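There are 2 protein chains.
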Amino acid sequence: MSVDLPANYDPNKFDRPSVTVDIVIFSLIEDELKVLLIKRQAAPFADMWAIPGSFVKIAESLEEAAVRALADETGLEDVYTEQLYTFGAPDRDPRTRVITVAYFALVPHDAIHPQSGRDTHETGWFSISQLPPLAFDHTEIVDYAYTRLRYKLEYTSVGFQLLPDVFTLTELQTAYEIILGEKLDKRNFRRKILSAEILEETGEKQKEGEGRPAMLYRYREDAVAEVKTRRLFP
Amino acid sequence: MSVDLPANYDPNKFDRPSVTVDIVIFSLIEDELKVLLIKRQAAPFADMWAIPGSFVKIAESLEEAAVRALADETGLEDVYTEQLYTFGAPDRDPRTRVITVAYFALVPHDAIHPQSGRDTHETGWFSISQLPPLAFDHTEIVDYAYTRLRYKLEYTSVGFQLLPDVFTLTELQTAYEIILGEKLDKRNFRRKILSAEILEETGEKQKEGEGRPAMLYRYREDAVAEVKTRRLFP
DNA sequence: ACAAAAGTGTTGAGAGTACACCCATGC
DNA sequence: GCATGGGTGTACTCTCAACACTTTTGT
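Chains A and B, in that order, give the protein sequences. Here the numbering used here is used: the first residue of the first sequence is 3, the next is one more, and so on. Here the numbering used here is used: the first residue of the second sequence is 3, the next is one more, and so on.
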């Protein structure tokens, strides 16, 4: 901040809001886009579903707090995480003023080890299209995250974050179709994704499944993440 | 947040960070993109320049705090304001833990009434390309805001927010050229901006200046703000 | 040989880009 | 009448979008 503090400033005399991080964790499960929710135990909103979160400790960064909350619920580290928006309506928590910095994360289905988190909450994966009522303003947060995810999918390559390390082009296309909610043309999709030069062939082919085995690809670590958008102005 | 609080939860026993809002205020002045800075009076970073900001009061929303900080420095209300990002590195303020929610604002040059704010800080407009050293992590915040502004200019119509209510197409094009840092083709620019149907003619023509008087336009209030981007995936 | 999924090219339409001259006004 | 900035159209290129058949494997 940049407002000068009074000379006799005592940090503890100010009414300070609490600060939390909340995290919308997406995964593709059974051909649906799902969100990880936890069941609240205590008031307010006891027995309601909510997205995972945590208080921000006094000496940790926001990112560290988000990663910690993610690890506590999923046992995962090294997943794609991005700050979403900060929600700070004065009455969003009925107990006291709580400002929350929302994040979203994309985790591959095969990396999830259920119950491997440290917390003992009841957890569940819910389809984005069939969410239960959520505590606080979490419905708004999830909606915002979903909008952002669809938007990012159109001009970046974050889609890979929802798939295993190696995958087929059909799997990748299906992931895009699920999230965008529409069918895509196979030939156009392949041409576009390959010409972006963000994939490399593993040389291996898929072993199981019917039909012709598909070539397996992996994301090129050295690929540029952002793909240029068409410019509105020439 | 969604982590359950202990049954004997006492909000005042937690170490709470302070929360501020800081605001990057852009305007086009003398054919340059400039940022409003204020000179700090007290330690830390005394006598250094910083972007305006304020503590978030316990009963006001983040947006209200940002708008209040903006009004205090510029005397302006009803300007374009958008939340940017939340910065929360533990050591970004040497005094105590301060998390800041950064905003950016676009104000038309002709609306600024210098010294009309309530605060008594020394203030100044600085070209984005010649910023002095800034207090805290404010250089990072301004860089982030500038990147976001250029990016938004390419797929939305926020550029109008930096111009008076009525303006000529040449003025609008010049604004885009200054922010994007490159020359644009006059015919292509006009075709594109007019075909977007976000402008309407006022019927009036510019009175002063040399040469043929230019038609004055205004932004259509009913126009959709977001312009569709080309999709990466078909 | 047949079922199942993988893989592959071409064409027409629309948008982007590059480019040069005439028009209205003040002095 | 000339200097100054405003305003206009066209041709080429490139990307997007629509569309159907052949190939490889397992049974």
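Each residue gets a CB set at the ideal place from its N, CA and C atoms; glycine is no exception. Everything numeric in this text was worked out from a predicted model, so none of it was measured.
Need the endpoints of the alpha helix (DSSP H) that D74/A sits in, please. According to the DSSP assignment, D74/A belongs to the alpha helix (DSSP H) that extends over 64-76.
On the DSSP letters alone, give me the boundaries of the beta strand (DSSP E) that A104/A sits inside. Segment 100-108, the beta strand (DSSP E) holding A104/A.
Buried or exposed: where does L218/B fall if 16 or more other Cβ atoms within 10 Å of its Cβ makes it buried? Buried.
Check whether the Cβ of Q132/A lies closer than 9 Å to any Cβ atom in chain B. Not an interface residue.
So, is the C-beta of V37/B closer than 9 Å to a C-beta in chain A? Put simply, the CB of V37/B is far from chain A, with every gap to its CB atoms at 9 Å or more.
Specify the secondary structure class of D58/B as computed by DSSP and reduced to three states. The amino acid at residue 58/B is misidentified as Asp; the sequence shows Val. V58/B carries a coil assignment under DSSP once its states are collapsed to helix, strand and coil.
Kindly indicate the opening and closing residues of the alpha helix (DSSP H) around Q43/A. For Q43/A, no alpha helix (DSSP H) encloses it, and the DSSP letter there is neither H nor E.
As a quick exercise: from A198/A, M50/A, D224/A, I114/A, pick the residue whose alpha carbon is nearest that of I31/A. It is I114/A whose Cα lies nearest to the Cα of I31/A.
Taking C-beta to C-beta, are A147/A and F28/A nearer than 9 Å? The Cβ atoms of A147/A and F28/A sit closer than 9 Å to each other.
Hey, out of P110/B, W127/B, I40/B, whose CA is closest to F169/B's CA? Of the listed residues, the one whose Cα sits closest to F169/B is P110/B.
Kindly indicate the opening and closing residues of the alpha helix (DSSP H) around I181/A. Here the alpha helix (DSSP H) through I181/A covers 171-182.
Is it buried or exposed, P96/A, if we count other Cβ atoms within 10 angstroms and call 16 or more buried? With fewer than 16 Cβ atoms within 10 Å of its Cβ, P96/A is classed as exposed.
Quick check: the Cα distance between T125/A and R42/A, rounded to an integer number of angstroms? In this model, T125/A and R42/A are separated by some 9 Å (Cα to Cα).
Just checking: is the beta-carbon of D17/A within a distance shorter than 9 Å of some beta-carbon in chain B? Contacts with chain B at 9 Å (Cβ-Cβ) include D17/A.
Out of L64/B, I53/B, D33/B, state which residue places its alpha-carbon closest to the alpha-carbon of L19/A. Per the sequence presented here, residue 19/A reads as Pro, with Leu not at that position. By alpha-carbon distance to P19/A, the top candidate from L64/B, I53/B, D33/B is L64/B.
Is the shortest distance between the beta-carbon of Y87/A and the beta-carbons of chain B less than 9 Å? Closer than 9 Å to some Cβ of chain B, the Cβ of Y87/A qualifies, so yes.
For L164/A, which of helix, strand or coil comes out of DSSP? Here L164/A sits in helix by DSSP.
Taking just the CA atoms, how far does T149/A sit from L86/A? One C-alpha to the other measures close to 11 Å.
Proximal residues to P2/B (C-beta, below 6 Å), its chain only, five neighbours per side dropped: In the structure displayed, chain B extends from 3 to 236; residue 2/B sits before or after that span and is not available.
Supposed close pair V37/B, V103/B - CB separation, criterion 8 Å: No, V37/B and V103/B are not in contact; Cβ-Cβ is about 18 Å, not under 8 Å.
Residue from L108/B, F57/B, T98/B whose Cα sits closest to the Cα of L78/B: Just measuring C-alpha positions, the residue of L108/B, F57/B, T98/B sitting nearest L78/B is L108/B.
From E156/B to I181/B, what distance separates their C-alpha atoms? Rounded to the nearest angstrom, the two C-alpha atoms are 11 Å apart.
C-beta atoms of Q175/B and R152/B nearer than 9 Å: In this structure, R152/B does not lie closer than 9 Å to Q175/B by Cβ.
A45/B to V69/B span [Cα, whole Å]: Each residue's Cα considered, the two are about 25 Å apart.
According to DSSP, is I143/A part of a helix, a strand, or is it coil? For I143/A, the three-state secondary structure derived from DSSP is helix.
Going by the C-beta, is D93/B closer than 8 Å to any heavy atom of the ligand GTP? Absent from the structure shown: the ligand GTP. Ligands present: none.
From A52/A to D139/A, what does the alpha carbon distance come to, in whole angstroms? Each residue's alpha carbon lies about 9 Å from the other.
Beta carbon proximity, A216/A to chain B, threshold 9 Å: The beta-carbon of A216/A is placed no less than 9 Å from the nearest beta-carbon of chain B.
Would P92/B and E62/A qualify as a contact pair, given that the criterion is a beta-carbon distance under 9 Å? Closer than 9 Å, so yes.
Residues near F162/B by beta carbon distance below 7 Å, same chain, minus five either side: The answer, listed in chain order, is Y221.
Collapsed DSSP secondary structure at K36/A in the structure displayed: K36/A falls in the strand class under three-state DSSP.
My assumption, with CB atoms under 8 Å, is that V58/A sits in contact with V21/A. Please give the rounded CB distance. Confirmed, Cβ separation roughly 5 Å.
Is the CB of A73/A under 9 Å away from at least one CB in chain B? Cβ-Cβ to chain B under 9 Å: no for A73/A.
How should I195/A be labelled, buried or exposed, when 16 other C-beta atoms within 10 angstroms of its C-beta is the threshold for buried? Buried.
Buried or exposed: which applies to I60/A, given that a residue is buried once 16 or more other Cβ atoms fall within 10 Å of its Cβ? By the Cβ-count criterion, I60/A is exposed, with fewer than 16 other Cβ atoms from all chains shown falling within 10 Å of its own Cβ.
Anything in chain B within Cβ reach of V103/A, meaning under 9 Å, just list it in chain order. Those within 9 Å of V103/A in chain B are T88, G90, I101, V103.
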